[in-house]
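In the UniProt record's numbering, the protein residues as written are 1 to 313. C-beta atoms are modelled at their ideal positions from N, C-alpha and C, and glycine is treated no differently.
Written out as structure tokens, the structure reads:
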């Protein structure tokens with residue numbers, strides 16, 4: 001067993017059509033999460049480009065103008081560093097900057113914006129903010145096991161990966177924990193917190209670690225080495241039932257990724273999902289808040305990975 005807990009198809013009555021009823025398959029698919037990247041895609045590409053451009057600029061400067069010694073004394077004569085040293089240092093600078101830039105370009109393809117469960121086949125669809133770079137490879141290459149460690153690309157959507165449900169685990173973070181963490185920040189700011197939430201907070205702080213108290217949630221998908229990331233924290237205004245206002249919300253609207261409300265042909269949303277979509281679209285502001293069909297059941301659907309997540313005794 002690779003995950004904490006027993007990964008069986010238990011009956012979860014409040015969450016019909018997901019895992020408990022997989023054998024009965026009452027629905028073809030069910031969306032259990034919708035969200036957006038923690039930063040809008042253009043900002044990722046701008047940041048990556050800045051790293052690469054700056055790396056080349058510094059590299060050319062080092063190649064042509066690096067003097068030695070760097071901190072000369074009055075008696076020492078400053079001169080150009082040896083050519084081999086200048087070219088090696090310049091190449092290393094360009095390489096490191098290019099790797100940082102490539103990370104920002106690659107990151108959106110690891111940020112989950114929609115999670116769909118296919119009960120009949122026990123498959124999971126993970127839609128990301130951007131398609132993986134492997135889409136540019138020939139079809140024969142994409143079929144190789146190395147490029148399918150995190151699942152095969154869907155034929156209907158190049159941004160969706162299809163992977164067996166049993167091979168997806170949480171590395172860290174919690175859907176419930178991210179919500180309670182936001183409530184904890186509200187309580188710390190001396191704002192009113194409902195008594196029922198206060199009781200949940202006491203249990204939460206006593207039973208969880210800091211790895212559960214985060215804005216994001218990390219998933220291990222198949223045999224992929226790099227984790228997939230999900231934005232999980234609700235907006236403070238939503239919890240307090242206050243209208244969004246202030247510079248903080250304006251900054252979030254500018255930088256945060258939009259919630260993915262995309263659909264596929266033939267998909268029928270649940271009444272809860274439809275109501276949330278209608279309410280958010282009628283608000284007149286960009287929707288940047290993640291949506292869960294049920295946070296508690298989401299955590300049960302993806303147990304913690306015992307091989308990577310270990311609590312301190």
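Which residue marks the beginning of the alpha helix (DSSP H) containing residue 61, and which one marks its end?
One-based indexing of the chain shown puts residue 61 at position 61. Taken as a continuous stretch (DSSP letters only), the alpha helix (DSSP H) holding residue 61 covers 41 to 65.
Nearest-angstrom beta carbon gap, residue 259 and residue 293 [assumed within contact, 8 Å]
What you label residue 293 is simply residue 293 of the chain shown in a count that begins at 1. What you label residue 259 is simply residue 259 of the chain shown in a count that begins at 1. With a Cβ gap of about 14 Å, residue 293 and residue 259 do not count as contacting.
Residue 254 versus 267, 262, 288, residue with shortest Cα-Cα distance:
In the chain shown, residue 254 corresponds to position 254, counting from 1. Of the candidates 267, 262, 288, the one whose C-alpha sits nearest the C-alpha of residue 254 is 288.
Three-way DSSP call (helix, strand, coil) for residue 176 in this model:
Taking the first residue of the chain shown as 1, we reach residue 176 at position 176. The answer is helix: DSSP assigns residue 176 an H, G or I state.
Burial state of residue 53 (16 or more Cβ within 10 Å)
Residue mapping note: residue 53 aligns to position 53 of the chain shown, counting from 1. That one is exposed.
Runs of 4 residues minimum, wholly inside the stretch 202 to 265: which ones carry the alpha helix (DSSP H) assignment?
236 to 240, 246 to 255
Under 8 Å, with one C-beta from each stretch per pair, do the stretch 157 to 168 and the stretch 125 to 132 reach the 3-pair mark?
Verdict: yes, contact present.
Enumerated in chain order, which unbroken segments of the alpha helix (DSSP H) with a length of 4 residues or greater are wholly contained in the stretch 92 to 116?
If we require 4 residues or more, the stretch 92 to 116 turns out to have no alpha helix (DSSP H) run fully inside it.
From the DSSP output, in three-state form, read off residue 301 for me.
If you number the chain shown from 1, residue 301 lands on position 301. If DSSP states are grouped into helix, strand and coil, residue 301 belongs with the helices.
Could you compute how far the alpha carbon of residue 68 sits from the alpha carbon of residue 57?
Your numbering for residue 68 matches position 68 in the chain shown. Your numbering for residue 57 matches position 57 in the chain shown. The C-alpha of residue 57 is placed about 20 Å away from the C-alpha of residue 68.
Spatial distance of residue 274 from residue 141 (CA atoms):
Numbered from 1 along the chain shown, position 274 holds the residue referred to as residue 274. Numbered from 1 along the chain shown, position 141 holds the residue referred to as residue 141. The alpha-carbon atoms of residue 274 and residue 141 are separated by roughly 39 Å.
With residue 128 as the anchor, note down where its beta strand (DSSP E) starts and where it stops.
Locating residue 128 in the chain shown gives position 128, counting from the first residue. Residues 123 to 128.
Can you tell me where the beta strand (DSSP E) holding residue 164 begins and where it ends?
Taking the first residue of the chain shown as 1, we reach residue 164 at position 164. Start and end: 160 to 164.
Could you give the distance in angstroms between the alpha-carbon of residue 188 and the alpha-carbon of residue 169?
The residue given as residue 188 occupies position 188 in the chain shown. The residue given as residue 169 occupies position 169 in the chain shown. Taking the straight line joining both Cα atoms gives about 31 Å.
So, at 6 Å on beta carbons, what are the nonlocal neighbours of residue 174 in its own chain, with the 5 sequence-adjacent residues on each side left out?
Position 174 of the chain shown, counted from the start, is the residue given in the question as residue 174. So the list reads 212, 299, once near-sequence residues are dropped.
Could you compute how far the alpha carbon of residue 147 sits from the alpha carbon of residue 154?
Within the chain shown, numbered from 1, the residue matching residue 147 stands at position 147. Within the chain shown, numbered from 1, the residue matching residue 154 stands at position 154. One C-alpha to the other measures close to 14 Å.
Can you give me the C-alpha to C-alpha distance between residue 245 and residue 39, rounded to a whole angstrom?
The count along the chain shown starts at 1 and reaches residue 245 at position 245. The count along the chain shown starts at 1 and reaches residue 39 at position 39. If I take the Cα positions, the gap works out to 20 Å.
Beta-carbon separation of residue 180 and residue 200 under 8 Å?
Counting from one through the chain shown, the residue named residue 180 turns up at place 180. Counting from one through the chain shown, the residue named residue 200 turns up at place 200. For residue 180 and residue 200, yes; Cβs fall inside 8 Å.
Backbone CA spacing between residue 235 and residue 227 [nearest angstrom]
Locating residue 235 in the chain shown gives position 235, where the first residue counts as 1. Locating residue 227 in the chain shown gives position 227, where the first residue counts as 1. Their backbone Cα atoms lie some 24 Å apart in a straight line.
From what residue to what residue does the alpha helix (DSSP H) around residue 314 run?
Residue 314 lies beyond the range of the chain shown here (1 to 313); nothing can be said about it.
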